[in-house]
Amino acid sequence: MYFKKKNIGYIISLIMCGGYTNAETFNINALNLSADDNIDLSYFEKNSLSEGLYESDIILNDKKIIRGEKIKFINHDGTIEPCITAQLIKRFPLNEEAKEILLSSQENECINLFSLDKNVAIDFNDSEQVLSISIPQKYMASTYSSWVSPEMRDYGIAGLILDYTISDNHLIRKNEETRNQLYAFGNVGANFAQWRLRANYQYENKLAGEDGRGSKKRNLDWDQVYAFRDIASLSAKLFAGEIFIKSDLFDSVRFKGVSMFTDESMMPPNLRGYAPQITGVAASNATVTLSQNGRIISQVKVPAGPFCD
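Taking the working numbering, the leading residue of the sequence shown gets 1, the next gets one more, and so forth.
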């Protein structure tokens, strides 16, 4: 049989050209099952995520905001998806508009993040136990490295605190009684939830004479016993007990009672003190400079479009 050289060239090309495919398969034979066992293992061949609770870190817009959160994954129309609850939404650094949209659209335990914007993206890395969420910047609240929102604050675990300083003197003089003096002072406290209990103490133990014979004097005094806690909704602190009045006009006066005052350190930086609000529209990426008498007070880079500072 004879072939033309051109046809032989086509055949060789087809033999040497091949496609490449790859599929994850589960070796059923490794389970040592008999042919009579009617078990469907196609679920494992797909290498898909199963329903249940996963302890995961949450990354929002490339920033890790929550660690070790137990997230429930459910089956939604054949796809395993994370269940984002209202409690989680409240802990996300979203602005009030975004939270209102999401919470008002809630129909069951899980909230559909895609109801906020079509550009929302969700990805779960099951090997690293990381849930990554991307939300457009216009829905994000203003964040500052030196300030933590009330929803993200951790008040620690319950416990006891003891601080002390001890001084011991042993004095021996010829033809005089031996004198021992032990002096201690410090503060003690207890933490429970948001409450903090504090107290100062002083202890003195004086002994004159050998082998415990002679004068003895022991004295324990408690000073400034008080409790306090934060009230995040008011950016204030509440004190009760033996406290001092805080005033910019009068000297501090000690009294027993209850006191509540605003703590500016609990507020975001843009709400501390008084400052003008500067707005405008940038035609392109620009730098907004605020100066007074030739001295630069603030300088902020803004993208194209409306800005507010």
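Heads up, the beta-carbon is just placed ideally off N, CA and C, and yes, glycines get one too.
Residues near LEU290 by beta carbon distance below 6 Å, same chain, minus five either side: Closer than 6 Å at the Cβ level, and outside the excluded window around LEU290, lie ILE297, SER298.
Just the C-alpha distance for ARG229 and GLU177, rounded to the nearest angstrom, thanks. Approximately 50 Å between the Cα atoms of the pair.
So, helix, strand or coil for ILE58, using DSSP? ILE58: strand per DSSP, three-state reduction.
Are the beta-carbon atoms belonging to LYS72 and GLU55 less than 8 Å from one another? At least 8 Å separates the beta-carbon of LYS72 from that of GLU55.
Check whether the region 80 to 100 touches the region 145 to 158, counting contact only when three or more Cβ pairs, one atom from each stretch, lie closer than 8 Å. Yes, since at least three Cβ pairs between the region 80 to 100 and the region 145 to 158 fall closer than 8 Å, the two stretches touch.
Buried or exposed for ILE245, going by 16 or more other Cβ atoms inside 10 Å? Exposed.
How is ALA158 classed by DSSP in three states: helix, strand or coil? ALA158: coil per DSSP, three-state reduction.
Can you give me the start and stop residues for the alpha helix (DSSP H) that SER215 sits inside? Where SER215 is concerned, there is no enclosing alpha helix (DSSP H), given that its DSSP letter is neither H nor E.
Grouping DSSP H, G and I as helix and E and B as strand, with all else coil, what is ASN22? In this prediction, ASN22 has a pLDDT of 48, which is less than 50 and means its spatial position is unreliable; what the coordinates show is noted afterwards. ASN22: coil per DSSP, three-state reduction.
Compare the Cα-Cα distances from ARG196 to each of ALA86, PHE185, SER233, GLY241 and report the closest residue. Per the Cα distances, GLY241.
Near ALA190, what residues of its chain come up, given a Cβ to Cβ distance below 6 Å and the 5 sequence neighbours on each side ignored? Cβ within range, chain order: LEU160, LEU197.
Give the single residue among HIS170, TYR155, ILE58 whose Cα lies nearest to the Cα of ASN125. Minimum Cα distance to ASN125 is reached at ILE58.
Whole-angstrom distance between ASP221 and SER259, CA atom to CA atom: Approximately 24 Å between the Cα atoms of the pair.
Please say whether LEU103 and TYR139 have beta carbons closer to each other than 8 Å? TYR139 is not a Cβ neighbour of LEU103, given a cutoff of 8 Å.
Helix, strand or coil for MET267? Go by DSSP, reduced to three states. Look at MET267 here: in three-state DSSP terms it is coil, with no helix or strand label.
Measuring straight from C-alpha to C-alpha, what distance separates ALA208 and ASP168? Distance between ALA208 and ASP168, taken at the CA atoms: about 14 Å.
Where SER215 and TYR203 are concerned, what is the direct C-alpha to C-alpha distance, given to the nearest angstrom? Rounded to the nearest angstrom, the two C-alpha atoms are 17 Å apart.
Name the two residues that bound the continuous alpha helix (DSSP H) containing GLN181. Looking at the DSSP string, GLN181 is not in any alpha helix (DSSP H); the run it does join, the beta strand (DSSP E), is 179 to 192.
Rounded to the nearest angstrom, how far is the Cβ of ASN61 from that of SER134, given a contact under 8 Å? Sure, about 6 Å apart at Cβ, within 8 Å.
What did DSSP end up calling ARG198 once you bin it into helix, strand or coil? Note: ARG198 maps to strand in three-state DSSP.
Member of ASP263, PRO269, GLY257, VAL300 whose CA lies at the smallest distance from the CA of ILE278: Put simply, of ASP263, PRO269, GLY257, VAL300 the residue whose alpha carbon is nearest the alpha carbon of ILE278 is VAL300.
How would you call ILE157, buried or exposed, if buried means at least 16 neighbouring beta carbons within 10 angstroms? So ILE157 counts as exposed.
Check this for me: beta carbons of ILE84 and LEU116, under 8 Å apart or not? For the pair ILE84 and LEU116, the CB atoms are not nearer than the 8 Å cut-off.
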